[in-house]
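The next block holds one structure in the form of structure tokens; read it before the comments.
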Amino acid sequence: MDYPKTGNETYVSFSISNTMLEGLGKSTITREPVSADYLKELFAKYGVIVSIKPEQQPLLRRVNELYGLNLEIPESLKIIQLSEQHRRLVVITAMGLRRKSGTLLPSYTEEELEEATFGFDKFYVQSVHYDDLIKENETLRKNLDAEIAWRTRDD
């Protein structure tokens, strides 16, 4: 499946790093587990940019085999930063694989890849910070309470 180029693509990676978040300023980021079917719809709507290390290519091939995502397997790492245009990041979590200091190893055997399972989490940068939303809700609540008090007053 060819995904569109929209200018608002969703990033896909096996990890999240501070460099991806540089330049965002004060932001709220939500995280939610998502399914492969959801990702197919998301990628079909917005497109996708894959950011993986070359040694992670076999992992991504396995993800494509298992879930039919048909993600492009890049030859080199693309440096990504979340911004106003690209506010979504999907992190693929590999489970059941050996790690060193919590990090995926540079390579795995075919048997290890066969045993691996994967999960998907979508991170989304909110355009309005959570603290600002709380303040706005408080103001709206006060205005609503004042309106209710006015309409239900006794003369």
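Per my numbering, the very first residue in the sequence shown carries number 2; after that it's consecutive.
The beta-carbon is built from N, C-alpha and C at its ideal position, and this holds for glycine as well.
Exercise. Verify whether the separation of the beta carbon atoms of Asp122 and Val64 is less than 9 Å.
Key: no
Quiz item: Do the CB positions of Phe44 and Leu61 come within less than 9 Å of each other?
Solution: no
Quiz item: What does a CB cutoff of less than 8 Å around Ser77 pick up in its chain, not counting 5 residues either side in sequence?
Solution: For Ser77, same chain residues with a beta-carbon under 8 Å away, outside a window of 5 residues either side, are Pro55 in chain order.
Quiz item: When the Cα atoms are used, what is the spatial distance from Arg89 to Glu111?
Solution: 31 Å
Quiz item: Which two residues bound the contiguous beta strand (DSSP E) that contains Lys123?
Solution: Its beta strand (DSSP E) spans residues 118-126.
Exercise. Determine the burial state of Gln58: buried for a count of at least 16 other Cβ atoms within 10 Å of its Cβ, exposed for fewer.
Key: exposed
Self-check item: Backbone CA spacing between Glu66 and Arg142 [nearest angstrom]
Solution: 50 Å
Exercise. Put Tyr12 into one of helix, strand or coil per three-state DSSP.
Key: strand
Quiz item: Taking the alpha carbon of Thr94 as the point to measure from, which residue in Ala147, Arg154, Glu33 has its own alpha carbon closest?
Solution: Glu33
Quiz item: Got a sec, what are the start and stop residues for the alpha helix (DSSP H) Pro59 sits in?
Solution: Counting along the chain, the alpha helix (DSSP H) containing Pro59 begins and ends at 58-68.
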